[in-house]
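J.:
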Amino acid sequence: MDERLDELVLRAVELVPRGRVVSYGDLGHVVGIGPRRVGSVLSRYGAGVAWWRVTNAAGDFPPDLLHEAVPHWLEEGIALKPSGRGCRIVDHRADLVELERRWRRAVADLMADVDPDGAEATYDE
């Protein structure tokens with residue numbers, strides 16, 4: 380997999396504010412990839428970032444992750460749904476416009492050699 384793309388995803392997760400959540404699709408939109416790719420990056424490299432701030436579109440996690448996420452949510456003031464399966468994403472979603480703005484600044488160093496269409500720039504000297 381592309382290490383730069385992995386880093387782009389991880390930097391986006393790092394920018395989700397405490398007490399806020401986003402969906403895999405929200406992050407995918409910011410980074411320019413699909414939600415499954417976001418999930419794949421987080422499943423491999425997410426232990427070092429606030430992974431509990433990234434849920435599915437309904438605000439849910441699978442049971443094996445939910446029990447790990449709930450203490451983080453409670454500490455950050457993120458309300459659980461009455462079903463207990465996830466968080467109330469509609470009430471706690473991060474400002475996606477602001478997230479994307481901050482992300483673009485945070486990844487400028489990684490994007491310096493990529494053209495606007497996403498192809499790596501070549502430097503002929």
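To convert, note that position 104 of the sequence shown is 483 in our numbering; the numbers rise steadily by one, no gaps.
All C-beta atoms, glycine included, are put in the ideal place defined by N, C-alpha and C.
Computed from a predicted structure; not experimentally measured.
To which residues does DSSP link R464 through a beta bridge?
T.: Looking up residue 464 in the sequence shown gives position 85. Answer is none; R464 lacks a bridge partner.
J.: Fully enclosed by the stretch 427–491, which alpha helix (DSSP H) runs are 4 residues long or longer?
T.: You should have 442–455, 468–471, 475–485 and 487–490.
J.: What is the residue span of the alpha helix (DSSP H) that V395 lies within?
T.: The residue given as residue 395 occupies position 16 in the sequence shown. Taken as a continuous stretch (DSSP letters only), V395 belongs to no alpha helix (DSSP H), as it is neither H nor E.
J.: Are L453 and V409 touching if we call contact CB-CB under 8 Å?
T.: Sequence index remark: in the sequence shown, residue 453 carries index 74 (1-based). Sequence index remark: in the sequence shown, residue 409 carries index 30 (1-based). Contact flag unset, no.
J.: Applying the criterion that 16 or more other CB atoms from any shown protein chain within 10 Å of the CB defines a buried residue, is G465 buried or exposed?
T.: Taking the sequence shown and counting its residues from 1, one reaches residue 465 at position 86. The residue is buried, with at least 16 neighbouring Cβ atoms inside 10 Å.
J.: Are G398 and H451 closer than 8 Å when you measure CB to CB?
T.: As a position in the sequence shown, residue 398 is number 19, starting the count at 1. As a position in the sequence shown, residue 451 is number 72, starting the count at 1. Contact: no.
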